[in-house]
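Numbering (our numbering), first residue to last: 11 to 249.
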């Protein structure tokens, strides 16, 4: 019974707040996905390709820092694909700027599920060559959506939908790492998502429905074990 308690406490201490965007979506080439600047880039917003590429390189470095995952993002140059294109080539994620007509949105990501690729639109109505405050932070967040994650319930995560005070994060939170390991496990390093909740995904980014995930089952066994020990202790004291 003691082993159930230890295992249950371990699972509780590694509870996942990440939610994947769609159980059927993955990057088609996680070991070799290239994030490229769209054909129009962000030049209309006064952001040069060099500035955009530099921000993309910093963001890729952050998301690549999960050795238990086989995800390896590369940053390429200009693509011939528009950020408005609905079909993105396999092995690519396109990044560009567009006025989203909503000052409350820093960027948005649409996934091309058929090709395992995505496009990221940064809001030129918010960011420009003279206003880049928070640009890298939002780009880091949108990279996460392109990888396959949606909003996390962990306020420390770069995938949080709540304000956590960061502007340009320098590293992933543990929950972000758990998410990419779950999506793209490196079998040589980890079992990859084996202990992740069975409810850790949600179609179209909605809150996942409740159910009996692995975390719940093992946690129940741990509670049951603790209850049995308490009963034995009380019985011993009363005898």
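Glycine residues also receive a C-beta, built at the ideal position from the N, C-alpha and C atoms.
None of these values were measured; they are calculated from a predicted model.
CB of residue i within 7 Å of CB of residue j, strictly
i           : j           : result
residue 133 : residue 117 : yes
residue 85  : residue 45  : yes
residue 80  : residue 196 : yes
residue 83  : residue 65  : no
residue 72  : residue 160 : no
residue 127 : residue 102 : yes
residue 162 : residue 27  : yes
Coarse secondary structure for residue i, derived from DSSP in three states
i           : result
residue 110 : coil
residue 28  : coil
residue 61  : helix
residue 33  : coil
residue 45  : strand
residue 84  : strand
residue 146 : helix
Residue i classed as buried or exposed, judged by whether at least 16 other C-beta atoms fall within 10 angstroms
i           : result
residue 157 : buried
residue 181 : exposed
Residues that DSSP places opposite residue i in a beta bridge
i           : result
residue 133 : 108
residue 120 : 129
residue 159 : 30
residue 170 : 162
residue 138 : 141
Given residue i as reference, the closest of the options once Cα atoms are compared
i           : options               : result
residue 115 : 137, 122, 128 and 123 : 137
residue 124 : 43, 98, 160 and 29    : 98
residue 90  : 58, 104 and 154       : 104
residue 49  : 130, 37 and 120       : 130
residue 140 : 47, 37 and 57         : 57
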